[in-house]
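Undergrad: Structure incoming, see below.
2 protein chains.
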Amino acid sequence: MQDGEIRVDFQKVIAVATKRGIFQPAFDAYGGLAGFLDYGPVGVRMRRRILEMWRKHYVINAGCLELDGALIGPESMFQASGHLGEFDDALVDCKECGKQFRADHLVDGGEEMSRTELAKKIINISCPSCSSPLSEMSAFNLMFSTSVGAGKGSPGYLRPETAQSIFLAFPWLLRQNRGKLPFAGAQIGRSFRNEISPRQGPLRMREFTQMEVEHFFLPTNEPSLTMELRNTKITLLSADGKESQTTVGQAFDEEVVTSSLVANHLARAQNFLISIGVPPGKLRFRQHGSNEMAHYSSDCWDGEINTSLGWVEIVGVAHRGDYDLSAHGNASSREFRVPIPGTEKEIELWKPDIGKLGKEFKGDAKLILEAIKNVELKPNTSLNINGKDIVLSEDYMSQKTERRSEMVYPNVVEPSFGLDRILYCLLESSWNIDGEREWISLPQDTSPYDLLVAPLMTKDGLDTKAHEIMKSAIDIGIDAYYDEAGSIGRRYARADEIGIFYSMTIDHQTLEDGTVTLRERDSKNQSRVSLEDALNQVRR
Amino acid sequence: MQDGEIRVDFQKVIAVATKRGIFQPAFDAYGGLAGFLDYGPVGVRMRRRILEMWRKHYVINAGCLELDGALIGPESMFQASGHLGEFDDALVDCKECGKQFRADHLVDGGEEMSRTELAKKIINISCPSCSSPLSEMSAFNLMFSTSVGAGKGSPGYLRPETAQSIFLAFPWLLRQNRGKLPFAGAQIGRSFRNEISPRQGPLRMREFTQMEVEHFFLPTNEPSLTMELRNTKITLLSADGKESQTTVGQAFDEEVVTSSLVANHLARAQNFLISIGVPPGKLRFRQHGSNEMAHYSSDCWDGEINTSLGWVEIVGVAHRGDYDLSAHGNASSREFRVPIPGTEKEIELWKPDIGKLGKEFKGDAKLILEAIKNVELKPNTSLNINGKDIVLSEDYMSQKTERRSEMVYPNVVEPSFGLDRILYCLLESSWNIDGEREWISLPQDTSPYDLLVAPLMTKDGLDTKAHEIMKSAIDIGIDAYYDEAGSIGRRYARADEIGIFYSMTIDHQTLEDGTVTLRERDSKNQSRVSLEDALNQVRR
Numbered sequence: 146m147q148d149g150e151i152r153v154d155f156q157k158v159i160a161v162a163t164k165r166g167i168f169q170p171a172f173d174a175y176g177g178l179a180g181f182l183d184y185g186p187v188g189v190r191m192r193r194r195i196l197e198m199w200r201k202h203y204v205i206n207a208g209c210l211e212l213d214g215a216l217i218g219p220e221s222m223f224q225a226s227g228h229l230g231e232f233d234d235a236l237v238d239c240k241e242c243g244k245q246f247r248a249d250h251l252v253d254g255g256e257e258m259s260r261t262e263l264a265k266k267i268i269n270i271s272c273p274s275c276s277s278p279l280s281e282m283s284a285f286n287l288m289f290s291t292s293v294g295a296g297k298g299s300p301g302y303l304r305p306e307t308a309q310s311i312f313l314a315f316p317w318l319l320r321q322n323r324g325k326l327p328f329a330g331a332q333i334g335r336s337f338r339n340e341i342s343p344r345q346g347p348l349r350m351r352e353f354t355q356m357e358v359e360h361f362f363l364p365t366n367e368p369s370l371t372m373e374l375r376n377t378k379i380t381l382l383s384a385d386g387k388e389s390q391t392t393v394g395q396a397f398d399e400e401v402v403t404s405s406l407v408a409n410h411l412a413r414a415q416n417f418l419i420s421i422g423v424p425p426g427k428l429r430f431r432q433h434g435s436n437e438m439a440h441y442s443s444d445c446w447d448g449e450i451n452t453s454l455g456w457v458e459i460v461g462v463a464h465r466g467d468y469d470l471s472a473h474g475n476a477s478s479r480e481f482r483v484p485i486p487g488t489e490k491e492i493e494l495w496k497p498d499i500g501k502l503g504k505e506f507k508g509d510a511k512l513i514l515e516a517i518k519n520v521e522l523k524p525n526t527s528l529n530i531n532g533k534d535i536v537l538s539e540d541y542m543s544q545k546t547e548r549r550s551e552m553v554y555p556n557v558v559e560p561s562f563g564l565d566r567i568l569y570c571l572l573e574s575s576w577n578i579d580g581e582r583e584w585i586s587l588p589q590d591t592s593p594y595d596l597l598v599a600p601l602m603t604k605d606g607l608d609t610k611a612h613e614i615m616k617s618a619i620d621i622g623i624d625a626y627y628d629e630a631g632s633i634g635r636r637y638a639r640a641d642e643i644g645i646f647y648s649m650t651i652d653h654q655t656l657e658d659g660t661v662t663l664r665e666r667d668s669k670n671q672s673r674v675s676l677e678d679a680l681n682q683v684r685r
Numbered sequence: 146m147q148d149g150e151i152r153v154d155f156q157k158v159i160a161v162a163t164k165r166g167i168f169q170p171a172f173d174a175y176g177g178l179a180g181f182l183d184y185g186p187v188g189v190r191m192r193r194r195i196l197e198m199w200r201k202h203y204v205i206n207a208g209c210l211e212l213d214g215a216l217i218g219p220e221s222m223f224q225a226s227g228h229l230g231e232f233d234d235a236l237v238d239c240k241e242c243g244k245q246f247r248a249d250h251l252v253d254g255g256e257e258m259s260r261t262e263l264a265k266k267i268i269n270i271s272c273p274s275c276s277s278p279l280s281e282m283s284a285f286n287l288m289f290s291t292s293v294g295a296g297k298g299s300p301g302y303l304r305p306e307t308a309q310s311i312f313l314a315f316p317w318l319l320r321q322n323r324g325k326l327p328f329a330g331a332q333i334g335r336s337f338r339n340e341i342s343p344r345q346g347p348l349r350m351r352e353f354t355q356m357e358v359e360h361f362f363l364p365t366n367e368p369s370l371t372m373e374l375r376n377t378k379i380t381l382l383s384a385d386g387k388e389s390q391t392t393v394g395q396a397f398d399e400e401v402v403t404s405s406l407v408a409n410h411l412a413r414a415q416n417f418l419i420s421i422g423v424p425p426g427k428l429r430f431r432q433h434g435s436n437e438m439a440h441y442s443s444d445c446w447d448g449e450i451n452t453s454l455g456w457v458e459i460v461g462v463a464h465r466g467d468y469d470l471s472a473h474g475n476a477s478s479r480e481f482r483v484p485i486p487g488t489e490k491e492i493e494l495w496k497p498d499i500g501k502l503g504k505e506f507k508g509d510a511k512l513i514l515e516a517i518k519n520v521e522l523k524p525n526t527s528l529n530i531n532g533k534d535i536v537l538s539e540d541y542m543s544q545k546t547e548r549r550s551e552m553v554y555p556n557v558v559e560p561s562f563g564l565d566r567i568l569y570c571l572l573e574s575s576w577n578i579d580g581e582r583e584w585i586s587l588p589q590d591t592s593p594y595d596l597l598v599a600p601l602m603t604k605d606g607l608d609t610k611a612h613e614i615m616k617s618a619i620d621i622g623i624d625a626y627y628d629e630a631g632s633i634g635r636r637y638a639r640a641d642e643i644g645i646f647y648s649m650t651i652d653h654q655t656l657e658d659g660t661v662t663l664r665e666r667d668s669k670n671q672s673r674v675s676l677e678d679a680l681n682q683v684r685r
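Line by line, the protein sequences are chains A and B. Start counting the first sequence at 146; every next residue gets the next number (our numbering). Start counting the second sequence at 146; every next residue gets the next number (our numbering).
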């Protein structure tokens, strides 16, 4: 069986996912709501194990500072981040049947076109559903909006990416890191995009789970590509259409990847994806073209898996520059810049004499102090307070020496993973077929259960013994699943279908000598071993 | 120090939480948005450990089927669940200053009053802010609303409780459990309530995290109170105002608690809460009065912790009857009932003859089949199809024998935990003061870190050694925190402030003989032990 081979199609994965409690379309009982899924008992376990592996890679081992931010945010924040103005899709609707479409989905190659090009092409296209003429193209913002508070309330939006929470929390996280750079913030959480045409189950959802890292650094001191990561083998498809099997080190040396930290994160993203079971032969990193690249991004790569539906993006690694921090720094009341080391020097500053101001200006003194916060104070500064012009002479201030540094906005490199897509792609790419047998062959770390516990029959105390063994297994941290229904063959088949890593059979001999039969999922090898040895082998 | 003693106030907890990266008000940089929090690196770790303990109790050990449902849901669902009609607060606003208030917060004892009583009292009250007259009372729905899809879209709401996802997924979960009852669904996730006046940080939030279990059972076969749980000591405050120190078994025998499964879950909820560090002396379960009880609930208890702000509810245990399943069964297209065992019998049914219908009625046959889905078919059934009256004679049907059972809606008991409140109450109730020393004394399982690793100084290779030890600790699953800044005393104090369970100091002797100093947080006991012994002691 080839590593790159496609062995199962979308419909089959979706059918098994629904049947076996991995995921199902949400709200089917009420006619459905496209773009939303429920994850069931098996799906939640798989998601949690992927998340655990991700936390191990990024939070525990790499020391990222984890955040869990609010999902609803105020308008002012999304105004600053650019999401209110620019985060939209081009929409056309049918004047006759009322159906709505994404313009770029109706035009060949539309997803790579600029809006102007797209507008030109869409004129010649009629409704795919009823062939009537379509409306002109309009911009549809992809954020879900709501209202916070009673009455009219204030406008709020569901976040379209977890990233903004991390950017906005940057000053707080920086304090947690005692002011030191570089450091990385990480977040696992829900994001929302009001897609015009959600489809393909977990591949284009309106509500989805992201795992994002924002790696902050001084622009003059970008973290270098580490020696351990240089030799990581990687497949790159650069913007000029050239595909190369190379190493991350070579790609950086040859300036195919221009940022050392982007190179670093390409290698780390790949290492993580392989550790959870993505076959390296199905993985490539594709560089964004200039039309496709977000306005803020200078070097941007999508990690893609080859599936029955074509290449699917599961991670994006982007150099976002200082776009986000400077946007929030300019629009909000907080300092998002950091001092540049080595630029500290003494400067003379004029400071207001609060006592004298109070004596002279009484109630207006407070307003004066407020007004001079935002100007550089010097003798004879003129202010307008409550319609009155006031000139502050040297009498109301004194000179002080302070140590000040030049300030700069940190830059950021972001690896951003989509959990829902990763789970789907893992199911598909780990699908195995051997004659009549079909099974999911994920690594133990991302299998939903470590162990199936199966009594040969439910009499003679075999089931009681099996329950005892379940308890011992769980007590030492083994995720075990109990199944006593039907023939052993049937139970193995069911365990295979969701990829349970080991199966243990309890029979009459177990009661006599304490041995069990342990079966390994991928090889089907069975061995008769003591219970203790079996549990030690299964334990992760 | 007494178990029930209050040792710290709200302001101090909030100040330390912000300073140390536990949580902070979200969106402060944009003027704030009341009712939303960011959790920082230390807070996320504490939350995750509480969630892990909860999963261990309810999902791993008790075998609940875990679900992760969508946060946005369609209008029809919330119409059925009653949230669209009845999930509201009584709102009054000031005609002069425009401020809005919850009516029940302005009237003494308002929270216990019926709406009619409240309406009578509120007339005499003026605006607490500007003393002007208030508006009449109006109902304000607490769900956040949004619109799903382009253009006008269809109305959607952010779920006000995770419970509804589990109820709606009941038929799917039942299939995962192979049709067997009892079983329990569990869910951890975000919920949203558009509170009129959010306040008190994590205690009344607009966006919060719930951990809910829905335990389904046949009304004729309610799970009994198990022997292991009967002797659980518990403090109950019943609706008649009587407080008793009793056991769960006794409370059930004396019909203070009337449902055996509610009794079961009171004991289990208490066991869970104690395991994460809630002092038993600060915990009581208070029965809802009849005014306060949700419309669906017949036996409802709140687990409350005594804090500096009074008693705070952190868990509710409610018997919800068949309210939710029957609501969804009646309003949606799915079967939410289950067969009653032992009621199976053979019945004669008339089935349509599809071939004959097709021949006779051509295109209308499909509509006829659709129409008879919802009626009990018998000879000479009359139907109205496209405005025409059609009578189906015996010729178009045949009689068949089927085995059918009587059907019934399962009942449900729900323990529902609020993670944000639990974390706040844990911080407060585990606060310790001894002279100048203050520390959080949570059990190791819910401390944010197991271990502080601290080199005595950052020279002579002590820091290198400390980094090596960090790596070994993390490799064996110890959550370790590295700190090299300031005196050892300062570092111990910082570790105490967030409740790190052990501290390890690396000094020159470590380099010579491989021993370290291990300090236990609560006793401050220090011992000189080998690195291996230290790591074994720290490992959970």
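The beta carbon of each residue, even a glycine, is placed where N, CA and C say it ideally should be. Here the structure is a predicted model, which means the values were calculated and not measured.
1) Three Cβ pairs or more, each shorter than 8 Å: is that satisfied between the region 449-466 of chain B and the region 512-522 of chain B?
2) DSSP state of Ile195/B, grouped into three classes?
3) Taking Cβ-Cβ distances below 8 Å as the criterion, which residues of the region 278-307 of chain B are in contact with chain A?
4) Of the residues Ser668/A, Trp495/A and Gly532/A, which one's Cα is nearest the Cα of Glu547/A?
5) In chain order, which beta strand (DSSP E) runs of at least 3 residues are fully inside the region 291-340 of chain A?
6) Any C-beta of chain A within less than 7 Å: which residues of the region 469-487 of chain B qualify?
7) Identify which residue in Lys511/B, Glu573/B, Arg635/B and Phe646/B has its Cα closest to the Cα of Tyr594/B.
8) Which bits of chain A does Pro219/B rub up against, with CB to CB less than 7 Å?
9) Three Cβ pairs or more, each shorter than 8 Å: is that satisfied between the region 183-202 of chain B and the region 264-284 of chain B?
10) Among the residues of its own chain, which have a CB less than 6 Å from the CB of Met146/B, if the five just before and after it don't count?
11) Roughly how many angstroms separate the alpha carbons of Asp234/A and Gln309/A, rounded to a whole number?
12) Under DSSP, the beta strand (DSSP E) around Glu583/A begins and ends at which residues?
13) Of all the options Ile379/B, Gly386/B and Ser648/B, which has the alpha carbon lying nearest to the alpha carbon of Gln395/B?
14) Kindly indicate which three-state DSSP category Ile151/B falls into: helix, strand or coil?
15) Thinking C-beta only, is Ala599/A closer than 8 Å to Met615/A?
16) Might you give, ordered along the chain, the residues of its own chain that have their beta carbon closer than 8 Å to the beta carbon of Pro588/B, omitting 5 neighbours on each side?
17) Just the Cα atoms here: how many angstroms apart are Ile195/B and Cys275/B?
18) Looking at the secondary structure, which residues open and close the beta strand (DSSP E) in which Gln390/B lies?
19) Check the Cβ of Leu212/A against every Cβ in chain D and list those closer than 8 Å, keeping chain order.
20) Do Asp183/B and Ala225/A have their C-beta atoms within less than 8 Å of each other?
21) Under the three-state reduction of DSSP, which class applies to Arg549/A: helix, strand or coil?
22) Can you give me the C-alpha to C-alpha distance between Ala329/B and Phe312/B, rounded to a whole angstrom?
23) Would you decide whether Ala174/A is buried or exposed? Buried here means 16 or more other CB atoms lie within 10 Å of its CB.
24) Tell me whether Glu559/B sits in a helix, a strand or coil according to DSSP, three-state version.
25) Report all residues from its chain with a CB closer than 7 Å to the CB of Asn339/B; omit the five preceding and five following residues, and keep chain order.
26) Could you list the residues in the region 220-253 of chain B with a C-beta less than 7 Å from some C-beta on chain A, going in chain order?
27) Determine whether the Cβ of Arg429/A lies closer than 8 Å to any Cβ atom of chain B.
28) Would a check of beta-carbon distances place Met146/A closer than 8 Å to chain B?
29) Considering Cα atoms alone, identify which of Gln682/B, Phe361/B and Gln345/B is closest to Val557/B.
30) Just to confirm my understanding: we take Gln544/A, look at its own chain, exclude 5 residues before and 5 after, and list those with CB closer than 8 Å. What are they?
31) Going by the beta-carbon positions, is the gap between Ile450/B and Ser592/B smaller than 8 Å?
TA: Judging by the given coordinates:
1) no
2) For the purposes of this step, residue 195/B is identified with residue 50 of the second sequence, where counting begins at 1. Helix.
3) Phe285, Phe289, Ser290, Thr291, Ser292, Val293, Gly294, Ala295, Gly296, Gly298, Ser299, Gly301 and Leu303
4) As a working note, residue 547/A is residue 402 in the first sequence. With distances taken between Cα atoms, Glu547/A lies closest to Trp495/A.
5) 299-303 and 328-337
6) His473, Ser477, Ser478 and Arg479
7) If you number the second sequence from 1, residue 594/B lands on position 449. The option with the nearest alpha carbon to Tyr594/B is Phe646/B.
8) Position 74 of the second sequence holds residue 219/B. Those are Phe172, Tyr175 and Leu178, listed as they occur along chain A.
9) no
10) As a position in the second sequence, residue 146/B is number 1, starting the count at 1. The predicted model places Met146/B with a pLDDT of 42, which falls under 50 and marks its position as unreliable, so this point remains unresolved.
11) Residue mapping note: residue 234/A aligns to position 89 of the first sequence, counting from 1. Residue mapping note: residue 309/A aligns to position 164 of the first sequence, counting from 1. Taking the straight line joining both Cα atoms gives about 20 Å.
12) Here residue 583/A corresponds to residue number 438 of the first sequence, with the count starting at 1. Looking at the DSSP string, the run of the beta strand (DSSP E) that includes Glu583/A is Arg582 to Ile585.
13) Indexing the second sequence from 1 puts residue 395/B at position 250. When only C-alpha atoms are compared, the closest one is Ile379/B.
14) Stepping through the second sequence from its first residue, residue 151/B is reached at position 6. Ile151/B: coil per DSSP, three-state reduction.
15) Your numbering for residue 615/A matches position 470 in the first sequence. Your numbering for residue 599/A matches position 454 in the first sequence. No. Outside cutoff.
16) Within the second sequence, numbered from 1, the residue matching residue 588/B stands at position 443. Correct list, in chain order: Ser420, Ile421 and Gly422.
17) Taking the second sequence and counting its residues from 1, one reaches residue 195/B at position 50. Taking the second sequence and counting its residues from 1, one reaches residue 275/B at position 130. Whole-angstrom Cα-Cα distance: 44 Å.
18) Working through the second sequence from its first residue, we reach residue 390/B at position 245. Run containing Gln390/B: Glu388 to Thr392, per the beta strand (DSSP E) assignment.
19) Absence of chain D from the displayed structure is noted, the protein chains being A and B.
20) Numbered from its first residue, the second sequence carries residue 183/B at position 38. Numbered from its first residue, the first sequence carries residue 225/A at position 80. Contact flag unset, no.
21) Residue numbering aside, residue 549/A sits at position 404 when the first sequence is read from its first letter. Strand at Arg549/A.
22) Counting from one through the second sequence, the residue named residue 329/B turns up at place 184. Counting from one through the second sequence, the residue named residue 312/B turns up at place 167. Their backbone Cα atoms lie some 11 Å apart in a straight line.
23) The residue you call residue 174/A lines up with position 29 of the first sequence. It counts as buried.
24) Numbered from its first residue, the second sequence carries residue 559/B at position 414. Residue state, collapsed to three classes: strand.
25) On the second sequence, residue 339/B is found 194 positions in, with the first residue counted as 1. Correct list, in chain order: Leu287, Met288, Phe289 and Arg351.
26) Ser221, Met222, Leu236, Asp238 and Gln245
27) Counting from 1 along the first sequence, the entry for residue 429/A is found at position 284. Answer no: the Cβ-Cβ gap between Arg429/A and chain B never drops below 8 Å.
28) Counted from its first residue, the first sequence places residue 146/A at position 1. Here the model assigns Met146/A a pLDDT of 42, short of 50, so the residue's position is not dependable, and the following value carries that caveat. No, Met146/A lies away from the interface with chain B (no Cβ there is under 8 Å from its Cβ).
29) Against the second sequence, residue 557/B aligns to sequence position 412. Ranking Gln682/B, Phe361/B and Gln345/B by Cα distance to Val557/B puts Phe361/B first.
30) Sequence index remark: in the first sequence, residue 544/A carries index 399 (1-based). Cβ neighbours of Gln544/A beyond the five flanking positions: Glu493, Leu494, Trp495 and Lys496.
31) Residue mapping note: residue 450/B aligns to position 305 of the second sequence, counting from 1. Residue mapping note: residue 592/B aligns to position 447 of the second sequence, counting from 1. No. Outside cutoff.
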